[in-house]
């Protein structure tokens, strides 16, 4: 039996947009060229085929949740 090892590239951060409550919406370019975002306030993850930051900007304008506390693994 042979094993195939495939490297998984991490997304690259291409932007960070602050929300009104002090959270951050991070925008990433994924290895396949699409964009995704992650909000540190509400935790919403978004993905889009469109190559613009409009979806993250709209979320940042509408999210009023404060940043979630970091949880450290035991």
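Residue numbers (the working numbering): 1 to 74.
Glycine is no exception: its CB is placed at the ideal position from the N, C-alpha and C atoms.
This one's a predicted model, so the numbers in the text were calculated from it and none came from an experiment.
What residue range does the alpha helix (DSSP H) around residue 54 cover? In the chain shown, residue 54 corresponds to position 54, counting from 1. It spans 54 to 62 - the alpha helix (DSSP H) in which residue 54 sits, taken as one unbroken run.
Simplified DSSP assignment, three categories, for residue 15: What you label residue 15 is simply residue 15 of the chain shown in a count that begins at 1. Reduced to three states, the DSSP call for residue 15 is strand.
Which of helix, strand or coil DSSP assigns to residue 39: Counted from its first residue, the chain shown places residue 39 at position 39. DSSP places residue 39 in strand when its eight states are reduced to three.
Could you name the residues that DSSP lists as bridge partners for residue 46? Locating residue 46 in the chain shown gives position 46, counting from the first residue. According to DSSP, residue 46 bridges with 37.
Contact set for residue 14: own chain, Cβ-Cβ below 6 angstroms, skip 5 residues either direction: Your numbering for residue 14 matches position 14 in the chain shown. Once the five neighbours on either side are set aside, the close Cβ partners of residue 14 are 27, 29.
Contact check, residue 9 vs residue 65 under 8 angstroms by CB: the rounded distance? Residue mapping note: residue 9 aligns to position 9 of the chain shown, counting from 1. Residue mapping note: residue 65 aligns to position 65 of the chain shown, counting from 1. In fact, because the Cβ distance is near 30 angstroms, the residues do not count as touching under 8 angstroms.
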